[in-house]
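Colleague: Position one of the sequence shown corresponds to residue 1 (UniProt numbering), numbered consecutively onward. Backbone N, C-alpha and C fix where the C-beta goes; we use that ideal spot for every residue, glycine too.
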Amino acid sequence: MFKIFKKIIKNNFQRNNYKKANLNNEKQKSENTLPLNAMKVHCIDENGKKLAKDEIFYGPKNTRHSYIIPSFKNYVIYNITGNLQYFVDNNEVFIEYQKLYGKPVSVFFINIENYLLLKSPEIKTGKINSLYQVKPPKINGYKNISHSGNLNGTFNNKVQSVVLYYKKYDWLQLTNVNFYIKTSQITKVFDNAELSKPIGFIPQNSIWKIFAKLQKNDSIWLNIGSDQWIIDKEFTQIYYPFGKKLTNTNNWKFQKMNAAAFLKTKRTQIFNYPGGEIINDHVKSKKVMITHSILDNENILWYEINNLYYIKSSDIQKA
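1) I need the straight-line Cα distance from R267 to D281, nearest angstrom please.
2) Would you mind listing the beta strand (DSSP E) stretches within the region 89-126 that are 3+ residues and don't spill past its ends, in chain order?
3) Using only CA atoms, which one of I279, S285, I316 and E298 lies nearest to Y309?
4) Would you list the residues sitting across from Y303 in a DSSP beta bridge?
5) According to DSSP, simplified to helix, strand and coil, what is H282?
6) Just to confirm the assignment, what range does the beta strand (DSSP E) spanning S146 have?
7) Among residues of its own chain, excluding the 5 on either side of A319, which ones have a beta-carbon nearer than 7 Å to its beta-carbon?
8) Is it the case that the region 106-120 contacts the region 144-163, given that we only count it when at least three CB pairs across the two stretches are under 8 Å?
9) Check each candidate in F235, L174 and A212 and name the one with the smallest Cα separation from P203.
10) Skipping 5 residues on each side, what residues in its chain have a beta carbon closer than 6 Å to that of T175?
11) Can you name, in chain order, every residue of its own chain whose Cβ lies under 7 Å from the Cβ of M257, other than the five neighbours on each side?
12) Report yes if the CB atom of E113 is closer than 8 Å to the CB atom of A193, and no otherwise.
13) Is it true that the CB of I181 sits closer than 8 Å to the CB of Q215?
14) At which residues does the beta strand (DSSP E) containing I181 begin and terminate?
15) Using C-beta distances below 6 Å, list every residue in its chain close to F2, excluding the 5 sequence neighbours before and after it, in chain order.
16) Around the Cβ of N125, are there at least 16 other Cβ atoms within 10 angstroms (buried) or fewer (exposed)?
17) Label Y115 either buried or exposed according to how many other C-beta atoms from any shown protein chain fall within 10 Å of its C-beta, with 16 as the threshold for buried.
18) In the DSSP output, what is T63 paired with across the bridge?
19) What does the alpha-carbon distance come out to for the pair Q255 and W302?
20) Considering just the uninterrupted stretch of the beta strand (DSSP E) at S196, what are its terminal residues?
21) Tell me which residues share the same chain as Q269 and place their Cβ nearer than 6 Å to its Cβ, disregarding the 5 neighbours each side in the sequence.
22) How about Y58: is its C-beta nearer than 8 Å to some C-beta of chain D?
23) Among K119, N272, E55 and N140, which one has its Cα closest to the Cα of I44?
24) For K49 and L151, I'd like the C-alpha separation in whole angstroms.
25) In chain order, what residues of the same chain lie with their CB nearer than 6 Å to the CB of D227, ignoring the 5 residues before and after it?
26) Just how far apart, CA to CA, sit S313 and N251?
27) Here's a check: name, in chain order, each residue in its chain whose Cβ is nearer than 7 Å to the Cβ of P70, leaving out the five neighbours to either side.
28) Kindly indicate which three-state DSSP category E55 falls into: helix, strand or coil?
29) What does the alpha-carbon distance come out to for the pair D89 and N79?
30) For Q317, does the three-state DSSP call read helix, strand or coil?
In structure tokens:
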């Protein structure tokens with residue numbers, strides 16, 4: 001009995017497979033006899049410009065089509081018109097892409113006197129590879145003197161910034177300097193180059209490094225760091241701020257110079273004064289400016305560089 005039942009199941013299974021195969025064959029024959037329709041795919045940007053070559057696919061009418069939508073760097077899809085799933089009559093498919101926005105460009109407006117903002121920053125935005133332009137605006141009472149960053153550029157995937165520096169109109173000349181002074185009296189310190197309420201005092205006979213010198217219409221100001229300014233009075237300029245007082249220099253031969261030179265190597269001993277202490281043994285640049293030459297009692301020739309430090313003449317590269 002079991003064998004007969006098993007045989008019946010086997011015969012039914014074979015009959016079902018035969019019917020299924022016949023149906024598939026009939027479907028395939030039906031599709032093969034259907035007229036072929038074309039699907040033309042266009043990939044364009046928001047301005048209608050082609051991003052890739054057009055593609056054409058053919059298939060039986062009303063049959064499905066699997067299409068992998070392409071991706072393009074710095075673009076995102078925002079609209080599709082036409083039928084991407086089926087082969088239908090007159091099927092023109094447009095896949096529209098939009099360019100992504102780049103990282104913003106920040107614009108800052110800085111008062112060179114105290115490095116504070118003169119107005120709120122501006123943010124410029126645009127799509128990747130599109131152009132941007134920064135024009136320094138007019139600010140009442142101030143004049144644009146310099147900038148950092150690119151005034152003209154393109155938006156990209158990096159954060160960019162432009163810093164516009166302004167100075168007051170009564171500033172005649174601002175010079176970056178590098179020297180030291182010694183005060184002869186208690187001196188008022190201001191947070192800008194104006195005779196306003198002082199923010200502090202520096203003691204008499206103290207030594208200070210000067211970073212900038214400002215010539216105004218009616219006065220000269222010295223910057224002692226950040227937003228700290230003092231009025232230039234009877235200060236004593238010193239060249240040896242880190243060393244003891246020089247003695248026995250009466251027979252030294254001094255000669256003022258103003259010549260560019262090159263060191264033999266960046267690994268050069270730097271002295272705080274001729275024959276004094278070594279304060280450094282490495283310089284950032286081999287190019288230096290010789291401001292004085294000094295021949296000491298032992299007939300050793302020294303060069304003052306950049307109005308501040310000293311090296312032996314043997315460290316200078318000969319022409």
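Modeller: On the basis of the data shown:
1) The residue you call residue 267 lines up with position 267 of the sequence shown. The residue you call residue 281 lines up with position 281 of the sequence shown. Each residue's CA atom was taken as its position, placing R267 and D281 some 6 Å apart.
2) 91-99, 105-111 and 122-124
3) Working through the sequence shown from its first residue, we reach residue 309 at position 309. Taking only the C-alpha atoms, the option nearest Y309 is I279.
4) The sequence position of residue 303 within the sequence shown is 303, counting from 1. Answer is S293 and I311, bridged to Y303.
5) What you label residue 282 is simply residue 282 of the sequence shown in a count that begins at 1. Looking at H282 - three-state DSSP - the assignment turns out to be coil, as it is neither helix nor strand.
6) As a position in the sequence shown, residue 146 is number 146, starting the count at 1. Here the beta strand (DSSP E) through S146 covers Y142 to S148.
7) Within the sequence shown, the letter at position 319 stands for residue 319. In this prediction, A319 has a pLDDT of 45, which is less than 50 and means its spatial position is unreliable; what the coordinates show is noted afterwards. For A319, where only same-chain residues beyond five positions count, there are no Cβ hits under 7 Å.
8) yes
9) In the sequence shown, counting from the first residue as 1, residue 203 sits at position 203. Among F235, L174 and A212, the Cα nearest to that of P203 belongs to F235.
10) What you label residue 175 is simply residue 175 of the sequence shown in a count that begins at 1. Once the five neighbours on either side are set aside, the close Cβ partners of T175 are K213.
11) Here the question's residue 257 lines up with position 257 in the sequence shown. The answer, listed in chain order, is I290, T291, H292 and S293.
12) In the sequence shown, the residue the question calls residue 113 occupies position 113. In the sequence shown, the residue the question calls residue 193 occupies position 193. In contact: E113 and A193 (Cβ atoms closer than 8 Å).
13) The count along the sequence shown starts at 1 and reaches residue 215 at position 215. The count along the sequence shown starts at 1 and reaches residue 181 at position 181. Cβ distance not < 8 Å, so Q215 and I181 don't count as in contact.
14) Walking along the sequence shown from the start, residue 181 turns up at place 181. Run containing I181: W171 to K182, per the beta strand (DSSP E) assignment.
15) In the sequence shown, counting from the first residue as 1, residue 2 sits at position 2. Annotation note: pLDDT 49 at F2 (below 50); position unreliable, coordinate value reported separately. Nothing meets the Cβ criterion.
16) For the purposes of this step, residue 125 is taken as the residue at position 125 of the sequence shown. A quick correction: the sequence has Thr, not Asn, at residue 125. Looking at its Cβ environment, which holds fewer than 16 other Cβ atoms inside 10 Å, T125 is exposed.
17) By 1-based counting over the sequence shown, the position of residue 115 is 115. Burial call: exposed.
18) Working through the sequence shown from its first residue, we reach residue 63 at position 63. The partner list for T63 (beta bridge, DSSP) is empty, contrary to what the question assumes.
19) Position 255 of the sequence shown holds residue 255. Position 302 of the sequence shown holds residue 302. One C-alpha to the other measures close to 11 Å.
20) Residue 196 sits at position 196 when you count from the first residue of the sequence shown. Careful: S196 lies outside any beta strand (DSSP E) and carries neither H nor E.
21) Translated into the one-based positions of the sequence shown, residue 269 becomes position 269. Counting only Cβ-Cβ distances below 6 Å, and skipping sequence neighbours, we find I278 and D281.
22) The structure shown contains no chain D; it is built from a single protein chain.
23) The count along the sequence shown starts at 1 and reaches residue 44 at position 44. Minimum Cα distance to I44 is reached at E55.
24) For the purposes of this step, residue 49 is identified with residue 49 of the sequence shown, where counting begins at 1. For the purposes of this step, residue 151 is identified with residue 151 of the sequence shown, where counting begins at 1. Going by the C-alpha atoms only, they are around 29 Å apart.
25) Here residue 227 refers to the residue found at position 227 when the sequence shown is read from its first residue. Correct list, in chain order: N114 and D191.
26) For the purposes of this step, residue 313 is taken as the residue at position 313 of the sequence shown. For the purposes of this step, residue 251 is taken as the residue at position 251 of the sequence shown. Each residue's alpha carbon lies about 19 Å from the other.
27) In the sequence shown, residue 70 corresponds to position 70, counting from 1. Around P70: C43 and A52.
28) Residue 55 sits at position 55 when you count from the first residue of the sequence shown. In this structure, E55 counts as strand in the three-state DSSP scheme.
29) Mapped onto the sequence shown, residue 89 falls at position 89. Mapped onto the sequence shown, residue 79 falls at position 79. D89 and N79: Cα-Cα distance of roughly 21 Å.
30) Locating residue 317 in the sequence shown gives position 317, counting from the first residue. In this structure, Q317 counts as coil in the three-state DSSP scheme.
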